[in-house]
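K.L.:
Residues 1 to 258 in the numbering used here are what the sequence shown spells out, letter by letter. In this text, a Cβ means the ideal position worked out from N, Cα and C, and glycines have one as well. To start, I am sharing the structure in question, which I have written as structure tokens.
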Amino acid sequence: MKSMTPWLVLALATACAAGTHAAEAAKATVIRDYTDTVAPADQLAYEAGIKRFNECLSQHGFKYTWTAWTHETGDTYTYSYTTDPLPWSGFDAMQAAGKACDGALRSEVNPHLKSEFSAFMETQPDMSHMAKGMGISAPYIEVIYFKLKFGHENREAFTTVVKKIAAAAEKSKWPYYFATASVRGGGGDAPDYVVVLPSKSWADLGMDDNPPLWTMVENAYGKEEAQAMRKSLNDAVQSQASHVDSYNAELSYKASGK
Numbered sequence: 001m002k003s004m005t006p007w008l009v010l011a012l013a014t015a016c017a018a019g020t021h022a023a024e025a026a027k028a029t030v031i032r033d034y035t036d037t038v039a040p041a042d043q044l045a046y047e048a049g050i051k052r053f054n055e056c057l058s059q060h061g062f063k064y065t066w067t068a069w070t071h072e073t074g075d076t077y078t079y080s081y082t083t084d085p086l087p088w089s090g091f092d093a094m095q096a097a098g099k100a101c102d103g104a105l106r107s108e109v110n111p112h113l114k115s116e117f118s119a120f121m122e123t124q125p126d127m128s129h130m131a132k133g134m135g136i137s138a139p140y141i142e143v144i145y146f147k148l149k150f151g152h153e154n155r156e157a158f159t160t161v162v163k164k165i166a167a168a169a170e171k172s173k174w175p176y177y178f179a180t181a182s183v184r185g186g187g188g189d190a191p192d193y194v195v196v197l198p199s200k201s202w203a204d205l206g207m208d209d210n211p212p213l214w215t216m217v218e219n220a221y222g223k224e225e226a227q228a229m230r231k232s233l234n235d236a237v238q239s240q241a242s243h244v245d246s247y248n249a250e251l252s253y254k255a256s257g258k
């Protein structure tokens with residue numbers, strides 16, 4: 001399965017609102033991810049190239065943020081870069097603004113790549129459980145991929161169960177947070193959904209949930225319905241994988257004033 005890391009900013013779009021298709025399209029709910037893999041011998045040169053690319057962006061007044069993540073588990077010679085949430089039209093403006101540094105990217109970064117993967121992620125507020133006013137940064141995130149079995153029935157089953165889990169978590173004020181996004185344009189090996197769990201530290205990441213997720217769901221819906229939900233979810237999923245990333249301030253680009 002292709003590796004990718006969504007920015008925790010998935011959580012920024014947790015508020016739902018009704019509106020027309022045009023209004024929905026204008027919302028800042030789309031995140032772009034680039035995930036780079038390098039050879040161990042090229043790691044230092046690659047990181048230096050990213051820093052020079054960021055310098056170029058700064059010199060040209062680039063006003064968009066790229067947040068960098070280092071993969072701590074899985075393939076540890078992997079880096080991910082994610083945008084803040086934007087409306088789809090924002091990526092047209094972003095592409096135009098970054099053209100001045102395309103040459104720097106090709107000359108300073110690309111020679112040190114083994115591979116690069118990119119996809120868009122659309123935030124799913126009704127499939128997420130985030131605290132109001134929760135910050136957009138976290139030292140660590142656990143990223144869980146879900147590849148679904150073929151067919152709209154499996155997608156419907158997955159989304160229905162995750163929405164019910166999120167609703168139960170909100171109602172019970174479950175103190176463990178997660179953000180969900182659907183993946184778009186990632187190619188045949190990409191996951192269909194990603195779920196991101198923020199953590200303050202390794203100790204926080206390794207702490208057991210109390211109550212556990214399915215106990216929380218059982219408390220909300222009853223044992224029989226919780227078991228049916230769990231079976232429906234398991235039946236819809238073809239494969240599942242996860243990895244942990246840490247925020248990399250040195251390789252991130254933040255526009256002036258952000």
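In whole angstroms, what is the alpha-carbon distance linking glycine 74 and valine 109?
P.N.:
Along the sequence shown, one-based indexing puts residue 74 at 74. Along the sequence shown, one-based indexing puts residue 109 at 109. Whole-angstrom Cα-Cα distance: 22 Å.
K.L.:
For the beta strand (DSSP E) containing threonine 215, list its first residue and its last residue.
P.N.:
Translated into positions along the sequence shown, residue 215 becomes position 215. No beta strand (DSSP E) holds threonine 215; the alpha helix (DSSP H) holding it covers 213 to 221.
K.L.:
Which residue from Gly151, Ala48, Ala138 and Ser118 puts its Cα closest to that of glycine 185?
P.N.:
What you label residue 185 is simply residue 185 of the sequence shown in a count that begins at 1. It is Ser118.
K.L.:
At which residue ranges does the region 70 to 158 contain complete alpha helix (DSSP H) runs of 4 or more residues, listed in the order of the chain?
P.N.:
Counting only runs of 4 or more, we get 88 to 98 and 102 to 108.
K.L.:
Looking at C-beta atoms only, is the number of pairs between the region 241 to 248 and the region 51 to 59 that lie closer than 8 Å three or more?
P.N.:
Too few Cβ pairs lie closer than 8 Å, so no.
K.L.:
Within a Cβ cutoff of 8 Å, which residues of the same chain sit near leucine 148, ignoring the five residues on either side of it in sequence?
P.N.:
Position 148 of the sequence shown, counting from 1, holds the residue named residue 148. Same-chain partners within the cutoff: Asn154, Arg155, Phe158, Asp192, Tyr193, Ala236, Val237 and Gln238.
K.L.:
So, with DSSP's three-state summary, where would you put tyrosine 193?
P.N.:
On the sequence shown, residue 193 is found 193 positions in, with the first residue counted as 1. Three-state result, tyrosine 193: strand.
K.L.:
In this structure, does DSSP put tryptophan 174 in helix, strand or coil?
P.N.:
One-based indexing of the sequence shown puts residue 174 at position 174. Tryptophan 174 falls in the coil class under three-state DSSP.
K.L.:
Give me whichever residues DSSP pairs with histidine 60 in a beta bridge.
P.N.:
Along the sequence shown, read from residue 1 onward, the residue named residue 60 stands at position 60. Beta-bridge pairing links histidine 60 to no other residue.
K.L.:
Can you check DSSP and say which residues form a bridge with proline 198?
P.N.:
Locating residue 198 in the sequence shown gives position 198, where the first residue counts as 1. Proline 198 is bridged to Ile141.
K.L.:
How many Å lie between lysine 132 and glutamine 43 at the Cα?
P.N.:
Numbered from 1 along the sequence shown, position 132 holds the residue referred to as residue 132. Numbered from 1 along the sequence shown, position 43 holds the residue referred to as residue 43. Cα to Cα, the separation comes out at about 38 Å.
K.L.:
So, are the CB atoms of leucine 197 and glutamate 142 less than 8 Å apart?
P.N.:
Sequence index remark: in the sequence shown, residue 197 carries index 197 (1-based). Sequence index remark: in the sequence shown, residue 142 carries index 142 (1-based). Taking 8 Å as the Cβ cut-off, leucine 197 and glutamate 142 qualify as a contacting pair.
K.L.:
From what residue to what residue does the beta strand (DSSP E) around alanine 179 run?
P.N.:
As a first step, residue 179 must be located in the sequence shown, where it is residue number 179. First-last of the beta strand (DSSP E) with alanine 179: 179 to 184.
K.L.:
Cα-Cα, which of Ser201, Ala39, Ile165 and Lys63 is closest to alanine 96?
P.N.:
In the sequence shown, the residue the question calls residue 96 occupies position 96. Considering only alpha carbons, the answer is Lys63.
K.L.:
Out of Thr70, Val244, Thr215 and Ile50, which has the shortest C-alpha to C-alpha gap to histidine 112?
P.N.:
If you number the sequence shown from 1, residue 112 lands on position 112. Histidine 112 has its Cα closest to that of Ile50, out of Thr70, Val244, Thr215 and Ile50.
K.L.:
So, for valine 38: in the same chain, excluding its five sequence neighbours on each side, which residues have a beta-carbon less than 7 Å away from its beta-carbon?
P.N.:
If you number the sequence shown from 1, residue 38 lands on position 38. So the list reads Tyr46, Tyr77, His112, Leu113 and Lys114, once near-sequence residues are dropped.
K.L.:
Which residue marks the beginning of the beta strand (DSSP E) containing serine 252, and which one marks its end?
P.N.:
In the sequence shown, the residue the question calls residue 252 occupies position 252. Careful: serine 252 lies outside any beta strand (DSSP E) and carries neither H nor E.
K.L.:
Could you check whether the region 116 to 130 touches the region 227 to 235, counting it as contact only if at least three pairs of C-beta atoms, one from each stretch, sit closer than 8 Å?
P.N.:
No, the region 116 to 130 does not touch the region 227 to 235.
K.L.:
My understanding is that valine 244 touches glutamate 116, with C-beta atoms under 8 Å, so please give their C-beta distance in whole angstroms.
P.N.:
Numbered from 1 along the sequence shown, position 244 holds the residue referred to as residue 244. Numbered from 1 along the sequence shown, position 116 holds the residue referred to as residue 116. Not really, about 21 Å apart at Cβ, beyond 8 Å.
K.L.:
Does the beta carbon of alanine 131 fall short of 7 Å from some heavy atom of the ligand FMN?
P.N.:
As for the ligand FMN, it is missing from this structure, which has no ligand bound.
K.L.:
Which of the three DSSP states is assigned to alanine 203 in this structure?
P.N.:
Walking along the sequence shown from the start, residue 203 turns up at place 203. If DSSP states are grouped into helix, strand and coil, alanine 203 belongs with the helices.
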